[in-house]
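Report on the structure given below.
Residue numbers (the working numbering), protein chains in the order written: chain A, 696 to 882; chain B, 19 to 88.
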């Protein structure tokens, strides 16, 4: 039952992603005559922290996850005007490469936010073009989850039936990894 | 215990370009963060000279020497 409800929620959020993206495109194209529609504003939500969630794509890619399900763990930190996700690797939780890059995001009236960017899970592989949707885990809950949907081929085709990459991450703790940068000595 | 550290280049998502961080790292860390070793920059240092992220600051030794001289 809970699983079915979760499935419905994920489908609903992907549908919401499509609607948001379409609205954004229409607005950009100047096709929206009604200028009273509130435009998405830049998201001010602090995404910083360690986010974790199950990743079926990692299992399919042949990543050795031992006896446990493959988990994608990312430390999100401010990075320029957007967000960077540093991969946290293995049981020792060592800091890896910057795998995720998101823009500053666009906030929506309901408290959710939409981010766009790229995700590269392995060196030399084609990065996923991703849309990440920050939303409440359940109605009325303050705890949020980050649903990441990724497409290949250099563009995000929002109307496709299924996506090559899907993961739902929850914030589990403070971040400990920082993106490698020229400014890291000043940290 | 001694460990070999190298300068390396790595993609910097902040500037959207490849950079050479000022600190050196062992080959294992460079591979982990998807960097590329810069040949000819190898240096053998004591493992205790690395920070918690396995980074070695070549300037730290200079600063330490200056501090001891003052």
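We put the beta carbon where it would ideally sit given N, CA and C, even for glycine.
These numbers come from a predicted model, not from an experiment.
Closest by CA to residue i, which one among the options?
i              : options                           : result
residue 784(A) : 777(A), 793(A) and 819(A)         : 793(A)
residue 75(B)  : 85(B), 25(B) and 19(B)            : 25(B)
residue 806(A) : 790(A), 824(A), 796(A) and 833(A) : 833(A)
residue 842(A) : 857(A), 736(A) and 862(A)         : 862(A)
Compute the Euclidean distance between the alpha carbons of residue i and residue j, then round it to the nearest angstrom.
i              : j              : result
residue 72(B)  : residue 61(B)  : 14 angstroms
residue 21(B)  : residue 831(A) : 46 angstroms
residue 751(A) : residue 801(A) : 27 angstroms
residue 819(A) : residue 28(B)  : 13 angstroms
residue 52(B)  : residue 775(A) : 20 angstroms
residue 57(B)  : residue 49(B)  : 14 angstroms
Within 8 angstroms of any Cβ in chain A, is that where the Cβ of residue i sits?
i             : result
residue 74(B) : no
residue 30(B) : yes
residue 56(B) : no
residue 19(B) : no
Would you say residue i lies against chain B (beta-carbon separation less than 8 angstroms)?
i              : result
residue 774(A) : yes
residue 792(A) : yes
residue 867(A) : no
residue 822(A) : no
residue 856(A) : no
Would residue i pass as a contact of residue j if the rule is Cβ separation under 8 angstroms?
i              : j              : result
residue 829(A) : residue 822(A) : no
residue 767(A) : residue 747(A) : yes
residue 744(A) : residue 869(A) : yes
Per DSSP, what kind of secondary structure is residue i in: helix, strand or coil?
i              : result
residue 749(A) : strand
residue 847(A) : coil
residue 20(B)  : strand
residue 870(A) : coil
residue 44(B)  : strand
residue 66(B)  : helix
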